[in-house]
Amino acid sequence: MKNISLLTLIGLSLTACVSGGYSVADSSNANMPASVQPVMEFPVESVMIQVLEDYEATFVTEYMGAPLELTLQSKKQGPQWFENHQVLKSELITDIKMYGTHVETTNMQSFYSLNPLTFYGDIQFDGTYSTVKQLAAIPKYAKVGDSQAYIQETTYKDSSKSEKMSSTTVEWRLTPASDLTAWLCMVSESQAKSAEYDHTGSECFEITASGEILNAKIEAYSGEEAYGEQATIELVTQ
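The numbering of the sequence shown is my numbering, which starts it at 10 and goes up by one.
Written as structure tokens, this is what we have:
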């Protein structure tokens, strides 16, 4: 159960006010042949800020044969100091239910700055402490097919940073969803001491060209093994 919570809390932290993107429909090109249709761009940075600061969704799946429900809510908290940087803080609260009964509530604090969006780290509900190295600037817009590794996160057992538990590289990707929407995915690859700290997985948001989030899905290692391999678990929005 803890691994699922940590996946949903991992610092793929995203977004602020969703800034306007390109118009989905435009009468000037609506009748153009497909071969000359303009390439549609989708917002990346603003969607990340929205997920980071003002996002709520309920995800459902089955976990070891049991119905599982996760409700996520992110909230902007205001200015803070973290790792000698004056930054902004947001909180992600995750409520977990199994068979419709509340099992656990977790939270994660994320630390970041805007203009441009830059990540610094996070603190998990159990004291797990992570610092982030930004590998590349996050683009305001991108096209389907674009991708880039943008952060490397080092996770420690606690804030003393005396015991390193995992190292995770996160890449954003834009893949097709429909004619007018795309999946913005944050894909994580971890090297970890144990499954408890393995953040390998992905968080994907189906978005419009204006930055509206329509659907979401999460895929993570479950921490359980199936047929000698670590099994994955997928959660989708209700």
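Just so it is clear, CB atoms sit at the ideal spot from N, CA and C, and this is done for glycine as well. Here the structure is a predicted model, which means the values were calculated and not measured.
CB contact flag (residue i, residue j, <9 Å)
{"i": "Ala204", "j": "Thr178", "result": "no"}
{"i": "Gly210", "j": "Asp167", "result": "no"}
{"i": "Ala225", "j": "Ala66", "result": "yes"}
{"i": "Thr140", "j": "Tyr206", "result": "no"}
{"i": "Val246", "j": "Val60", "result": "According to the sequence shown, residue 246 is Thr rather than Val. No."}
{"i": "Ile222", "j": "Tyr72", "result": "no"}
{"i": "Gln161", "j": "Leu144", "result": "yes"}
Classification of residue i by the beta-carbon crowding that lies within 10 angstroms, buried from 16 upward
{"i": "Gly130", "result": "buried"}
{"i": "Pro125", "result": "exposed"}
{"i": "Ala186", "result": "buried"}
{"i": "Lys98", "result": "buried"}
{"i": "Thr184", "result": "exposed"}
{"i": "Thr114", "result": "exposed"}
{"i": "Ser175", "result": "buried"}
Euclidean distance between Cα positions of residue i and residue j
{"i": "Leu244", "j": "Phe91", "result": "31 Å"}
{"i": "Ile227", "j": "Gly87", "result": "27 Å"}
{"i": "His208", "j": "Asp188", "result": "31 Å"}
{"i": "Lys170", "j": "Glu50", "result": "40 Å"}
{"i": "Val53", "j": "Ile216", "result": "10 Å"}
{"i": "Cys194", "j": "Asp155", "result": "11 Å"}
{"i": "Ser219", "j": "Glu180", "result": "22 Å"}
{"i": "Phe128", "j": "Tyr108", "result": "36 Å"}
{"i": "His111", "j": "Tyr138", "result": "26 Å"}
{"i": "Lys149", "j": "Ser83", "result": "21 Å"}
{"i": "Gln133", "j": "Phe214", "result": "23 Å"}
{"i": "Glu62", "j": "Gln89", "result": "15 Å"}
{"i": "His250", "j": "Lys152", "result": "Outside the shown range of the chain, which is 10 to 247, sits residue 250, and nothing can be said about it."}
{"i": "Lys202", "j": "Glu172", "result": "10 Å"}
{"i": "Ala229", "j": "Gln200", "result": "14 Å"}
{"i": "Val96", "j": "Ile147", "result": "17 Å"}
{"i": "Met57", "j": "Ala75", "result": "31 Å"}
{"i": "Leu123", "j": "Lys85", "result": "12 Å"}
{"i": "Ile242", "j": "Arg182", "result": "20 Å"}
{"i": "Asn116", "j": "Ser55", "result": "23 Å"}
{"i": "Phe120", "j": "Glu100", "result": "9 Å"}
{"i": "Glu212", "j": "Val196", "result": "7 Å"}
{"i": "Glu198", "j": "Lys142", "result": "15 Å"}
Bounding residues of the beta strand (DSSP E) (the contiguous stretch that carries residue i)
{"i": "Ile160", "result": "Ser156 to Tyr165"}
{"i": "His94", "result": "His94 to Met107"}
{"i": "Ser211", "result": "Gly210 to Thr217"}
{"i": "Lys173", "result": "Lys173 to Pro185"}
{"i": "Leu189", "result": "No beta strand (DSSP E) holds Leu189; DSSP gives it neither H nor E."}
{"i": "Glu221", "result": "First-last for Glu221: undefined, no H or E at that position."}
{"i": "Met117", "result": "Thr110 to Ser122"}
Enclosing alpha helix (DSSP H) for residue i [first to last residue]
{"i": "Leu2", "result": "Limits of the chain in this structure are 10 at one end and 247 at the other, which puts residue 2 out of reach."}
{"i": "Ser55", "result": "Glu54 to Glu62"}
- Query: When the Cβ atoms of the segment 100 to 111 are set against those of the segment 74 to 87, are three or more pairs found closer than 8 Å?
  - Reply: yes
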